[in-house]
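Enquirer: The structure follows.
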Amino acid sequence: MNAERITEKLNILADAAKYDVSCASSGSKRKNQNKGLGNASNGICHTYTEDGRCVSLLKILLTNHCIFDCAYCVSRKSNDIKRAAFTVQEVVDLTINFYRRNYIEGLFLSSGIFYNADYTMERLVRIAKKLRTEHNFNGYIHLKSIPGASDELMQEAGLYADRLSVNLEMPTEEGLKLLAPEKNRHDMIQPMGFLKNEIIKRTEEKSLFKKAPAFAPAGQSTQVIVGATPETDKQVLHTANHFYKNFNLKRVYYSGYVPVISDNRLPALNTSVPMVRENRLYQADWLMRFYGFQVNEIVDEQNPHLDLDIDPKLGWALRNLNAFPIDINKADLQLILRVPGIGVQSAQKIVSARQFGKLDWEQLKKIGIAVNRAKYFITCNSRQFERRDLAGTAIKQYILSQSQSKYIKTATTQLNLF
Amino acid sequence: MTTLIYDGTFEGLLTVVFEIYERRLQQVKLQKGVWLSMALFEDVLQITTDNGRAGRVLNGLRSRLSAEGLQRLYAAHLAEVESEDGMILGYIRYVFDAPFNVEEDYGNKYVLRLSEIVRTVRREKHRMEAFVRFKELQDKTFYATIEPDFNVLPLLGKHFKDRYADQKWIIYDIKRNYGLHYDLHDLQFITLDFSTTNPTNVISAYQENESLYQDLWKNYFKSANIPARKNTKLHMRHIPKRYWRHLPEKL
Chain Z
1 MNAERITEKL NILADAAKYD VSCASSGSKR KNQNKGLGNA SNGICHTYTE
51 DGRCVSLLKI LLTNHCIFDC AYCVSRKSND IKRAAFTVQE VVDLTINFYR
101 RNYIEGLFLS SGIFYNADYT MERLVRIAKK LRTEHNFNGY IHLKSIPGAS
151 DELMQEAGLY ADRLSVNLEM PTEEGLKLLA PEKNRHDMIQ PMGFLKNEII
201 KRTEEKSLFK KAPAFAPAGQ STQVIVGATP ETDKQVLHTA NHFYKNFNLK
251 RVYYSGYVPV ISDNRLPALN TSVPMVRENR LYQADWLMRF YGFQVNEIVD
301 EQNPHLDLDI DPKLGWALRN LNAFPIDINK ADLQLILRVP GIGVQSAQKI
351 VSARQFGKLD WEQLKKIGIA VNRAKYFITC NSRQFERRDL AGTAIKQYIL
401 SQSQSKYIKT ATTQLNLF
Chain R
1 MTTLIYDGTF EGLLTVVFEI YERRLQQVKL QKGVWLSMAL FEDVLQITTD
51 NGRAGRVLNG LRSRLSAEGL QRLYAAHLAE VESEDGMILG YIRYVFDAPF
101 NVEEDYGNKY VLRLSEIVRT VRREKHRMEA FVRFKELQDK TFYATIEPDF
151 NVLPLLGKHF KDRYADQKWI IYDIKRNYGL HYDLHDLQFI TLDFSTTNPT
201 NVISAYQENE SLYQDLWKNY FKSANIPARK NTKLHMRHIP KRYWRHLPEK
251 L
């Protein structure tokens, strides 16, 4: 292997792939068979970039040559950058050697589109196939499906990959039209529908015949870019909810737009990345997936944007003070999960612990709940609790004055722009 | 107050529990190691680890805890936090004295403390699964050194054996001077004698492509970063500095 050339290629093609947010490597149960290499199950983050994102997969593009000219993308045709392309064997070697050294959990392979969708997809599939069949590799493989690729290729991809994804890119069709006029939403949704049905079909087969091959066992995910177009959080979250409900997606990723290109359709180059907004969207996403919240409880006509100062659960609680206070020693798990400052693990611990006796503030603190937020919304086995009938705005002020948000600095710079 | 001295092993701890119940001791203190001047103090008991007695206590625990609960107790002991031995002992006594399974009674101080200890031990075990970095030696063994705060090496065997079934590997804890060796068949604890190693041979001991892959990894790490999103605080929280000297990308 030519060290210099491969280093250059890796630099170019890793740099171009870094804006894809997904780095998940969990949700698959690929057992190491016949003394092969690797087992995909745990979802381990092996390192963290200086921006604090986790690295669990070797995330690269097969090539950054692209026939498309999407405004938000560094690899766009009209962008004057160095181009490169890996060979199939080079990607396989990198993956295996990184995996053997415990640098990664597997491969996340995406690509610019050269020639056409099938030509590109065919190469992605060939890499996954080679890893699985020639190297007995059981690590995690996430392939980016190329919109417009044939069903046969998608089907083959599902046999070798743990997860497949098609990026929606923009939260709405109008946004996509504006920034990627050559792409259309139908081409993105069609493969998602195909994969959804295929996953359901194969899962049923597998429950009948143990030896039936697994098909994309970690499901499919997608990504939307936030802040490049004027969509509200309400629109973004409804899009996410639609795809969770109708396409059984495992994850929707929200990618705060990083200005990389000057274009009059896009935010200016010096615009800061909307990190707080992105963080709030992920919190809202968790509320939908793990806390039993409906999307219209989180955002509605009066509140089309998530509050940047406070997390969306606290926001909901302040708008629904009539639901509180709740009694920690009696309320259902579902209600405890709705208390600001109590997470899934603490809620479960509370429900377990109270079988042995009533809980008081000290014990709740030790269990790990954020009492400074929760105290306005619960009662427990202690005499003192927040008795005053406070208005939502007052509670918000008390909580904000007591907590030193890690986002305060970024939040002010963000607000200054408007 | 009786001071009980034991060898620091899990079996030793279980033997201690046996003695406490047999002698009906109330107030006790635990200490690891060997007591040299027994004659000077009263109320000091040197406990000799006894596998038979330990086994009886273990069976008792098995009947009162779930398999997961027993695993957690073992993990907590591996933390080797000297001052916490008393807490672990308190936990075991609470388990034996209660009429039913109390492992989820998080309102109890021993149960809660144990769950905190287990959490820190498991966090470090998980970090080791993430931060072990192998280097390939000329004989195709993959070699890694670690320095965890807690003695988590015994908890790592299964994970790495399942993952690297087709390569020989060694993970060596240089702080505690012992390692885990997988030879394509079995897993064994080993001790290496570094005093006989010739330092000039160390580099030539690695396989010829080793430095290429380390460099590629370092480059990848740099390329994956987005400077516009720099967040040093978050970065440091995820990779505490004490681990850096074993991570090629942070060297």
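Chains as they are written, first to last, in the UniProt record's numbering: chain Z, 1 to 418; chain R, 1 to 251.
Each residue gets a CB set at the ideal place from its N, CA and C atoms; glycine is no exception.
(1) Counting along the chain, where does the beta strand (DSSP E) carrying residue 247 of chain Z start and finish?
(2) Within its chain, find whatever has a CB closer than 6 Å to the CB of residue 105 of chain R; leave out the 5 residues flanking it on each side and keep chain order.
(3) Closer than 7 Å by C-beta to residue 295 of chain Z: which residues in its own chain qualify, once you throw out the five before and the five after it? Chain order, please.
(4) Got a sec, what are the start and stop residues for the alpha helix (DSSP H) residue 397 of chain Z sits in?
(5) Measure the beta-carbon distance from residue 280 of chain Z to residue 218 of chain Z and round it to whole angstroms, keeping in mind my assumption that it falls under 8 Å.
(6) Anything in the region 45 to 73 of chain Z with a Cβ closer than 9 Å to a Cβ of chain R? List those residues in chain order, please.
(7) So, for residue 103 of chain Z: in the same chain, excluding its five sequence neighbours on each side, which residues have a beta-carbon less than 7 Å away from its beta-carbon?
(8) For residue 221 of chain R, go through chain Z and note every residue whose CB falls closer than 8 Å to its CB, in chain order.
(9) Going by beta carbon distance, what residues of the same chain come within less than 6 Å of residue 417 of chain Z, once the five residues before and after it are set aside?
(10) So, for residue 214 of chain R: in the same chain, excluding its five sequence neighbours on each side, which residues have a beta-carbon less than 8 Å away from its beta-carbon?
(11) Residues in the same chain with beta-carbon distance under 6 Å from residue 41 of chain Z, minus the five sequence neighbours each way, listed in chain order, please.
(12) Using 8 Å as the Cβ pair cut-off and three pairs as the minimum, do the region 334 to 347 of chain Z and the region 363 to 382 of chain Z touch?
(13) Leaving out five residues before and five after residue 271 of chain Z in sequence, what residues of the same chain have Cβ atoms less than 6 Å from its Cβ?
(14) Look up residue 41 of chain Z in the DSSP assignment and say whether it is helix, strand or coil.
(15) Given a limit of 8 Å on CB to CB distance, which residues of the region 94 to 125 of chain Z reach chain R?
(16) Flag residue 83 of chain Z as yes if its beta-carbon sits less than 9 Å from any beta-carbon of chain R, otherwise no.
(17) With DSSP as the reference, please indicate the residues paired to residue 265 of chain Z in a beta bridge.
(18) Can you name the residues that DSSP bridges to residue 173 of chain R?
(19) Does the beta-carbon distance from residue 222 of chain R to residue 51 of chain Z come in below 9 Å?
(20) Tell me the DSSP secondary structure of residue 221 of chain Z in three-state form.
(21) Pull the bridge partners of residue 142 of chain Z from the DSSP assignment, please.
(22) Return the CA-CA distance between residue 216 of chain R and residue 93 of chain Z, expressed in angstroms with no decimal places.
(23) Please name the residue, chosen from Z:64, Z:230 and Z:54, that lies closest to residue 10 of chain Z on a Cα-to-Cα basis.
(24) With DSSP as the reference, label residue 128 of chain Z as helix, strand or coil.
(25) Name the chain R residues that come within less than 9 Å of residue 2 of chain Z, Cβ to Cβ?
(26) Can you say whether residue 232 of chain R is buried or exposed, counting buried as having 16 or more other CB atoms within 10 angstroms of its CB?
(27) Report the neighbours of residue 127 of chain Z on chain R: residues whose CB is nearer than 8 Å to its CB, in chain order.
(28) Looking only at its own chain, which residues have a Cβ that is under 6 Å from the Cβ of residue 269 of chain Z, when we skip the five neighbours before and after it?
(29) Can you tell me whether residue 111 of chain Z is buried or exposed? The criterion is at least 16 other CB atoms within 10 Å of its CB, across all chains shown.
(30) Whose CA, out of Z:90, Z:181, Z:194 and Z:320, lies closest to the CA of residue 156 of chain Z?
(31) Using the three-state DSSP reduction, which class does residue 81 of chain R fall into: helix, strand or coil?
(32) Mind checking if residue 379 of chain Z is an interface residue toward chain R, Cβ cutoff 9 Å exclusive?
(33) With distances taken Cα to Cα, identify the nearest neighbour of residue 220 of chain R among Z:4, Z:2 and Z:12.
(34) What whole-angstrom Cβ distance do residue 72 of chain Z and residue 125 of chain Z have, given they're in contact under 8 Å?
(35) Closer than 7 Å by C-beta to residue 256 of chain Z: which residues in its own chain qualify, once you throw out the five before and the five after it? Chain order, please.
(36) Candidates Z:58, Z:34, Z:24 and Z:148: which alpha carbon is nearest residue 97 of chain Z's?
Expert: Looking at the atomic coordinates:
(1) No beta strand (DSSP E) holds residue 247 of chain Z; the alpha helix (DSSP H) holding it covers 233 to 247.
(2) For residue 105 of chain R, where only same-chain residues beyond five positions count, the Cβ hits under 6 Å are 111.
(3) Only 237, 238, 241 and 288 meet the Cβ criterion.
(4) 392 to 402 is the extent of the alpha helix (DSSP H) around residue 397 of chain Z.
(5) Rounded, the Cβ-Cβ distance is 26 Å, inconsistent with contact.
(6) Flagged, chain order: 45, 46, 47, 48, 49, 50, 51, 52, 53, 54, 55, 56, 58, 59 and 60.
(7) Same-chain partners within the cutoff: 46.
(8) By Cβ distance, chain Z contributes 47, 49 and 55.
(9) Interpretation of residue 417 of chain Z is limited by its pLDDT of 41, a score under 50 that renders its predicted location unreliable; the figure taken from the coordinates is listed afterwards. Excluding residues within five positions, none has a Cβ falling inside 6 Å.
(10) Cβ neighbours of residue 214 of chain R beyond the five flanking positions: 135 and 248.
(11) Cβ neighbours of residue 41 of chain Z beyond the five flanking positions: 29.
(12) The answer is yes - the region 363 to 382 of chain Z touches the region 334 to 347 of chain Z, with three or more Cβ pairs under 8 Å.
(13) Around residue 271 of chain Z: 259.
(14) When secondary structure is reduced to three states using DSSP, residue 41 of chain Z falls in the strand class.
(15) Correct list: 94, 97, 98, 100, 101, 102 and 103.
(16) Not an interface residue.
(17) DSSP output for residue 265 of chain Z lists no bridge partner at all.
(18) Residue pairing by DSSP places residue 173 of chain R opposite R:146 and R:178 in a beta bridge.
(19) No, they are not a contact pair.
(20) The three-state reading of DSSP puts residue 221 of chain Z in strand, counting E and B together.
(21) As DSSP reads the structure, residue 142 of chain Z sits in a beta bridge with Z:108 and Z:163.
(22) Straight across, the Cα-Cα distance linking residue 216 of chain R with residue 93 of chain Z is about 12 Å.
(23) The option with the nearest alpha carbon to residue 10 of chain Z is Z:64.
(24) In the structure shown, residue 128 of chain Z falls within a helical segment according to DSSP collapsed to helix, strand and coil.
(25) The contacting residues do not exist; residue 2 of chain Z stays about 10 Å from chain R at best.
(26) With fewer than 16 other Cβ atoms within 10 Å, it is exposed.
(27) Near residue 127 of chain Z there are no residues of chain R at all, since even the closest Cβ is about 17 Å away, more than 8 Å.
(28) Contacts found: 259 and 262.
(29) Taking all protein chains shown into account, residue 111 of chain Z has 16 or more neighbouring C-beta atoms within 10 Å of its C-beta and is therefore buried.
(30) It is Z:194.
(31) Three-state result, residue 81 of chain R: coil.
(32) Output row for residue 379 of chain Z: interface = no.
(33) Answer by Cα proximity: Z:12.
(34) The pair is not a contact, with the Cβ atoms about 27 Å apart (cut-off 8 Å).
(35) Excluding five sequence positions before and after residue 256 of chain Z, the CB atoms of its chain that fall closer than 7 Å to its own CB belong to 226, 227, 273, 274, 275, 277 and 278, given in chain order.
(36) By alpha-carbon distance to residue 97 of chain Z, the top candidate from Z:58, Z:34, Z:24 and Z:148 is Z:58.
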